[in-house]
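Line by line, the protein sequences give chains Y and S.
When the letters of the first sequence are read in order and numbered with our numbering, they come out as residues 11 to 403.
When the letters of the second sequence are read in order and numbered with our numbering, they come out as residues 6 to 261.
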Amino acid sequence: MSRSTPKSDNPFYDASLNARHFRAKAFKLFTLSSIVFAISFLLFFLGDMVYKGLPDFQQAYIKIDVSYSEKSLASIRQAVDKKYRRVVSRSWLRGIPRQVEANPELMNTTQTRWVLLNHQVDQYLKGHYYKVKAKNIKLIDAMQKEGKVELQFNEIFFTHGDSKIPENSGFKSAIIGSILTLLVMMVVAFPLGVMTAVYLEEFAPDNRWTQLIEININNLAAIPSILFGLLGLAVFITLFGMPRSSPLVGGLTLALMTLPVIIVSARAALRSVPDNIRQAGYGLGLTKIQVVQDHVLPLAFPGIMTGSIIGLAHAMGETAPLIIIGMIAFIPDTPTSIFEAATVMPAQLFTWAGMPERAYVERTAAGIMVLISVLITMNTFAIYLRKKFEVKW
Amino acid sequence: MKQEKNTKIQVRDLNLYYGDNHALHNISMDIQENKITALIGPSGCGKSTFLRCLNRMNDLITSAKIEGEVIIDDKNIYDKDVDEVAVRKRIGMVFQQPNPFPKSIYENIAYAALKHGIVKKGASCDELVEKSLIQAGLWEEVKHKLSEPGTSLSGGQQQRLCIARTIAVQPDVILMDEPTSALDPISTEKIEALMLELKKQYTIIIVTHNMQQAGRIADMTAFFHMGDLIEYAETETIFINPVEKKTEDYITGRFG
Chain Y
11 MSRSTPKSDN PFYDASLNAR HFRAKAFKLF TLSSIVFAIS FLLFFLGDMV YKGLPDFQQA
71 YIKIDVSYSE KSLASIRQAV DKKYRRVVSR SWLRGIPRQV EANPELMNTT QTRWVLLNHQ
131 VDQYLKGHYY KVKAKNIKLI DAMQKEGKVE LQFNEIFFTH GDSKIPENSG FKSAIIGSIL
191 TLLVMMVVAF PLGVMTAVYL EEFAPDNRWT QLIEININNL AAIPSILFGL LGLAVFITLF
251 GMPRSSPLVG GLTLALMTLP VIIVSARAAL RSVPDNIRQA GYGLGLTKIQ VVQDHVLPLA
311 FPGIMTGSII GLAHAMGETA PLIIIGMIAF IPDTPTSIFE AATVMPAQLF TWAGMPERAY
371 VERTAAGIMV LISVLITMNT FAIYLRKKFE VKW
Chain S
6 MKQEKNTKIQ VRDLNLYYGD NHALHNISMD IQENKITALI GPSGCGKSTF LRCLNRMNDL
66 ITSAKIEGEV IIDDKNIYDK DVDEVAVRKR IGMVFQQPNP FPKSIYENIA YAALKHGIVK
126 KGASCDELVE KSLIQAGLWE EVKHKLSEPG TSLSGGQQQR LCIARTIAVQ PDVILMDEPT
186 SALDPISTEK IEALMLELKK QYTIIIVTHN MQQAGRIADM TAFFHMGDLI EYAETETIFI
246 NPVEKKTEDY ITGRFG
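As structure tokens, then:
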């Protein structure tokens, strides 16, 4: 029974058996190790992002008296006691006139408020590198013991746009900008891409022209994305005079970039529809349009959706072409239409990553977490759509 | 003269080329109304290609070039003023692999009829579906589950569904391209019985690999070989008393 049965007793004896088993094992181990390698990289990246980004979802506040008076409105620094002036956020103080405007009863009163601390104190409280004077640290430590300094949920991150004051900067304008840009992109690229694929798969004759078009589409999918930015700049902004930095131009540029991906995946989906479905339709005297519209497209739909959403996710993470058309600019305001200047999530991350203040590192990591969550949500949605519309054979 | 009157399809000097490949050579034959005509021959002899000429399915193959005439009801279907889609409405086709649409049984039958405007949605459509299924001998088996997908049926049932779907469009001629070659003997028997029933109303042309099948059901049989129509006569004659040596060799199994 044992492996080392001598040759004479075992008619199936194979001298190379042990070597073969060893090779098989080594090969299996090799393939396994590469996947372990890939997963560990992914886990390291995600872990690092979560470790750096999670603290950003909280921000330091201090509970102090704020006086609303003519004097403090004229010079906002007067609103808080002198000893706090070095620790509270400038941006919060600048909001005082707006608070009074919204609520005139505040005038000539003194209220106890949770006031935003500046980013240096925030970083100190989170245990990172900081630049705060020793006497202010003493002050903060004392206040913290009394429960008057604490970390609260970072609302600003989700309600504000970019800012040069780290504690006042948020991701909202980038999120809205991304949504508008991707909307424009999908509205343009999806119908164009699917129709192109339908033409090439169902109608086009197989000749040199269509082969040339096919090769070009495949090549376009591999072109460095920054070139699409140059194309967008030259065509949409210079030639057509569309507003620079706008989601309109960004969306159109990304549509150019995503079209080949959508076309290639939609063609693959159409090709995978069995030909006998078409034959059945033609055999019944249906027209080409009826066959394509009612029988071929519904069957290809899950595949088309999957490809399109992958293209969409790809476009969402794209920065290079948008830099060229100006979506990298400092945009504090949230865009309200596709014609206004806007920035997108990855471009905002790019901007923050280049900032010197430590607080922006946290902002960047938190932004990446938001971006990745959106991507995962979209991929989940793609899988759901595919399952939902999948036709059982 | 009686023979002339019953002719449904007249094929005259039909030649078909796939690119440079001359696939059908000067085929001429008359196909009779309300009869089952079987086309037999070894693989690649052109019998399926010929069948597909009769409802212009070969138009879908860009490399195919067709010369000659196929006259149905005094009109050459290859005339410039004939639309191939209209031809296929009157000359239905059933394929080798059962190919129901991935929709419900009801929709499978109703879809084309609705699109052609034969019926309107509602009671008349329900009636057509029922009638077609009864004619195809499938009604009793599926009447309780019309909304289930057509693909949930067995192979034989699917093929009968495809026949019901073809009947629902109310064609004159039904072309069948090896309709039972993917089915088991019991399903095959059912479909053969169905064909004998259907020939009272329709002209049926069937391509088959199975010579016994041709012997069982066909009134007329045509033997194709290498793109030529070798012999075309009544089935009995072909099987018992063939004129051509090649036919006899094929029938007796000397090649094929």
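Ideal placement from N, C-alpha and C gives every residue a C-beta, glycine not left out.
Keep in mind that this is a model prediction, so the values were computed, not measured.
- Proximity of ALA376 of chain Y to chain S, defined by a Cβ-Cβ separation below 7 Å, is not satisfied.
- Contact annotation for GLN300 of chain Y against chain S: LYS120 [CB-CB distance below 7 Å, chain order].
- Runs of the alpha helix (DSSP H) spanning 4 or more residues and lying entirely within the region 245–306 of chain Y occur at 257–281, 285–293 and 298–301, in chain order.
- In the DSSP assignment, GLY97 of chain S falls within the beta strand (DSSP E) that extends over 96–99.
- Apart from sequence neighbours up to five positions away, the residues of its chain that approach LEU56 of chain S with a beta-carbon distance below 7 Å are LEU44, LEU180, ASP182, ILE210 and VAL212, ordered along the chain.
- LYS80 of chain S sits in a strand when the DSSP states are folded into three classes.
- Residues of chain S whose Cβ lies closer than 8 Å to the Cβ of THR220 of chain Y do not exist, since the nearest Cβ in that chain is about 11 Å away.
- Membership of VAL97 of chain Y in any beta strand (DSSP E) is not indicated, and neither H nor E is assigned to it by DSSP.
- Note on the region 86–169 of chain S: whole alpha helix (DSSP H) runs with a minimum of 4 residues are 89–95, 110–120, 128–140 and 144–147, in chain order.
- Between HIS214 of chain S and CYS50 of chain S, the C-beta spacing is not below 7 Å.
- Under a criterion of Cβ atoms nearer than 7 Å, the residues of chain S adjacent to GLN289 of chain Y are, in order, PHE100 and ASN104.
- Around the beta carbon of GLY157 of chain Y, a 10 Å sphere encloses fewer than 16 other beta carbons of the protein chains shown; the residue is thus reported as exposed.
- Here the alpha carbon of VAL194 of chain Y sits roughly 7 Å from the alpha carbon of PRO257 of chain Y.
- Where PHE228 of chain S is concerned, the enclosing beta strand (DSSP E) starts and stops at 225–230.
- In this structure, THR353 of chain Y lies away from ILE334 of chain Y, with their beta-carbon atoms at least 7 Å apart.
- With a cut-off of 8 Å on Cβ pairs, the region 367–379 of chain Y is in contact with the region 133–142 of chain Y, counting three or more such pairs.
- In this structure TYR394 of chain Y is exposed. Its beta-carbon is surrounded by fewer than 16 other beta-carbon atoms within 10 angstroms.
- Around the beta carbon of MET205 of chain Y, a 10 Å sphere encloses fewer than 16 other beta carbons of the protein chains shown; the residue is thus reported as exposed.
- Taking 7 Å as the CB threshold, LEU395 of chain Y stays off the interface with chain S.
- Rounded to the nearest whole angstrom, the C-alpha separation of GLY295 of chain Y and GLU400 of chain Y is 26 Å.
- Taking 8 Å as the cut-off between beta carbons, the residues of the region 208–241 of chain Y near chain S are PRO215 and ASP216, in sequence order.
- DSSP places THR252 of chain S outside any beta strand (DSSP E); the residue lies instead in the alpha helix (DSSP H), whose first and last residues are 250–256.
- Listed in chain order, the positions of the region 55–74 of chain S with a beta carbon within less than 8 Å of a beta carbon of chain Y are ASN60, MET62, LEU65 and THR67.
- VAL147 of chain S is outside the set of residues whose beta carbon lies under 7 Å from a beta carbon in chain Y.
- When the five nearest sequence neighbours on each side are left out, the beta carbons in the same chain lying within less than 6 Å of the beta carbon of THR193 of chain S are those of THR185, in order along the chain.
- Residues of chain S whose Cβ lies closer than 7 Å to the Cβ of LEU296 of chain Y are, in chain order, ALA117 and LYS120.
- Only residues of its own chain outside the window of five on either side were considered, and among them ARG61, ILE71, GLY73, GLU74 and VAL75 have a CB closer than 8 Å to the CB of TYR83 of chain S, listed in chain order.
- In the three-state reduction of the DSSP assignment, ASN215 of chain S falls in the coil class, being assigned neither a helical nor a strand state.
- Counting other Cβ atoms within 10 Å of its Cβ, ILE338 of chain Y reaches 16 or more and is therefore classed as buried.
- DSSP, read as helix, strand or coil, puts LYS174 of chain Y in coil.
- Within the region 76–101 of chain S, VAL90, ALA91, VAL92, ARG93, LYS94, ARG95, GLY97, MET98, VAL99 and PHE100 place their CB atoms closer than 8 Å to a CB of chain Y, listed in sequence order.
- The beta-carbon of VAL174 of chain S is placed less than 7 Å from the nearest beta-carbon of chain Y.
- Residue-level contact check: ASN286 of chain Y touches chain S, since one or more beta carbons of chain S fall below 7 Å from its beta carbon.
- Annotation: LEU190 of chain Y has no Cβ neighbours in chain S at a cutoff of 9 Å; minimum Cβ distance is about 38 Å.
- With its beta carbon at least 7 Å from every one in chain S, GLY321 of chain Y lies outside the interface.
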